Amino acid sequence: MIPANFAYHSPSTVEEAVGLLARLGDEARALAGGHSLIPMMKLRLSAPEALVDLSRIAALKGVREEGSEVVIGAMTTQHQLLQDPILAQTLPLIPETSAVIADPQIRYRGTLGGNVANGDPGNDMPAVMMTLDATYTLAGPNGERAVKAREFYQGAYFTAAEDGEILTAVRIPVPPAGAGFAYEKLKRKVGDYATAAAAVQLTMKAGAVETIAIGLTNVSETPLLAEDAMAILAGARLEPEVVDRAVAAAEAITNPASDGRGPAEYRTAMAGVMLRRALARAAARAQA
Amino acid sequence: MSKVHIELTVNGKAHESLVEPRTLLIHYLREDLGLTGAHIGCETGHCGACTVDIDGMSVKSCTMFAAQADGAEILTIEGVAAPDGTLHALQESFREMHGLQCGYCTPGMIVRAHRLLQENPRPTEAEIRAGISGNLCRCTGYQNIVKAIQHAAATLAGEPFQEAAE
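Heads up: the sequence lines are chains A and B, in that order.
The numbering used here numbers the first residue of the first sequence as 112 and each following residue consecutively.
The numbering used here numbers the first residue of the second sequence as 414 and each following residue consecutively.
And the structure:
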């Protein structure tokens with residue numbers, strides 16, 4: 112399988128990359144880890160005339176703390192997220208998610224920015240970033256702007272990023288100490304997209320949920336924030352009747368495709384099962 | 414389209430080439446450099462037969478352009494044995510423990526296991542299975558591949574190999 116030919120550019124700064132994309136226009140694509148785009152190019156489902164490879168831009172790599180936020184460069188790889196000491200300490204939901212993405216080889220190349228920016232509803236990080244209330248930094252010809260993950264996803268492969276914009280960083284508020292977290296993913300095999308998956312981040316107080324956010328992966332055209340379920344659980348004790356109502360509210364917003372991963376009804380039910388498991392595990396991990 | 418100039422080191426040897434941007438690294442290694450050890454299996458990033466080591470990372474060379482490897486240091490299966498031909502402990506162990514049948518996946522398995530043992534010199538069975546989860550074998554059922562990697566880890570650590578209870 113050989114892709115259509117293209118011109119290759121390998122800028123060393125964000126400004127240079129943005130300038131190249133502006134000059135090259137619609138037919139140019141930014142290349143991150145390449146594990147979504149290159150397979151599409153090999154199948155000739157995508158045939159950009161130019162690639163702007165972001166992998167040599169040092170400023171796009173690494174994890175750092177900035178005040179009450181953690182900032183992750185867009186070209187930080189899944190493998191680096193798994194190894195990072197700051198994330199292990201402050202945002203362990205992220206490495207827990209990286210561990211169930213693809214396989215070791217792909218995690219060495221695949222990046223956080225690529226995972227969240229291309230708008231594939233099968234990707235795992237978008238729902239996690241909505242759960243964590245992350246903000247994406249976009250750089251374009253008119254400078255930088257910030258877009259909430261919760262407002263970024265508009266349809267399958269359709270996001271708030273404008274043509275010519277590059278996602279450069281992800282900013283995440285550090286959760287309070289003692290917060291519980293879990294990402295539960297059902298997949299058929301290593302490397303598969305989720306049949307359904309659920310992310311939970313919560314804090315507990317006096318035996319009840321204090322704050323909670325819930326994200327769902329691959330059960331709609333976009334990742335979902337399960338707001339009705341969150342409203343049911345906030346302030347409540349995790350008793351069976353409450354959990355049942357929250358799970359029903361989360362299942363109600365799903366709209367999965369029937370495909371090789373199962374019929375739509377099954378995938379909706381599995382989203383509910385993943386949410387139950389994630390809730391239980393996050394609550395057990397939380398320190399009241 | 415203009416070609417891209419790349420300089421890279423493969424198995425300790427420096428190379429300088431002009432490549433079409435669309436040339437996949439696996440094609441460059443096999444066709445331009447004649448290193449046919451890394452295999453083309455699925456061509457879709459699933460099977461791991463094309464795995465090579467690039468700057469300390471296991472990479473599926475069918476899912477990377479040669480142009481992206483400019484400046485890289487690459488190890489392929491051809492570079493795993495000593496220059497005098499003495500097999501690496503992993504190669505000996507795959508032979509000793511019957512870690513291959515048809516052999517198609519073996520170059521990728523050994524190069525991947527080589528990196529795994531650099532990162533985790535005494536992996537558990539579960540860590541080995543997770544570590545090679547990006548490499549498919551359709552012959553062995555993996556049992557003897559896992560044993561071979563355990564055997565190699567013991568050899569490299571200078572310890573006796575203890576077969577895990579079945």
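Heads up, the beta-carbon is just placed ideally off N, CA and C, and yes, glycines get one too.
Keep in mind it's a predicted model, so treat the numbers as computed, not measured.
A/Ala-139 carries a strand assignment under DSSP once its states are collapsed to helix, strand and coil. Contact note: B/Gly-461 reaches chain A through Asp-214 and Gln-216, using a C-beta cutoff of 8 Å and chain order.
Within a 10 Å sphere around the beta-carbon of A/Tyr-264 sit 16 or more other beta-carbons, which makes this residue buried. Put simply, the CB of A/Val-239 is far from chain B, with every gap to its CB atoms at 7 Å or more.
The Cβ atoms of A/Met-241 and A/Leu-336 sit closer than 7 Å to each other. DSSP places A/Phe-292 in the strand class (E or B) of the three-state scheme. Between the C-alpha atoms of A/Pro-286 and B/Thr-553 there is a straight-line separation of about 46 Å.
Boundaries of the beta strand (DSSP E) harbouring B/Thr-464: 464-467, taken from the DSSP string. A direct Cα-to-Cα measurement between A/Met-152 and A/Thr-222 gives close to 18 Å. Residue state for A/Met-315 is assigned as strand, using DSSP reduced to three classes. By the 16-neighbour rule on beta-carbons within 10 angstroms, B/Arg-443 is buried. Excluding five sequence positions before and after A/Leu-148, the CB atoms of its chain that fall closer than 7 Å to its own CB belong to Arg-140, Leu-142 and Ser-157, given in chain order. For chain A, the residues of the stretch 526-560 of chain B that bring a beta carbon within less than 7 Å of one of its beta carbons are Gly-544, Ser-546 and Gly-547, in chain order. For a cut-off of 8 Å, the C-beta gap from B/Cys-515 to B/Asn-548 is around 14 Å, too long to register as a contact. Put simply, the backbone Cα of B/His-452 is about 22 Å away from that of B/Gln-556.
Going by DSSP, A/Pro-284 is part of no alpha helix (DSSP H) but of the beta strand (DSSP E) stretching over 277-284. Collapsing the DSSP output to three states places A/Arg-175 in a strand. Membership of A/Gln-191 in the alpha helix (DSSP H) is indicated by the continuous run 189-194. With respect to the 7 Å criterion, A/Ala-260 and A/Ala-185 are not classified as neighbours on the basis of their beta carbons.
Rounded to whole angstroms, B/Ala-543 and B/Gln-504 show a C-alpha spacing of 20 Å. Spatial neighbours of A/Ala-133 in its own chain (CB-CB distance under 6 Å, excluding positions within 5 residues in sequence) are listed in chain order as Pro-252 and Gly-275.
In this structure A/Asn-329 is buried. Its beta-carbon is surrounded by 16 or more other beta-carbon atoms within 10 angstroms.
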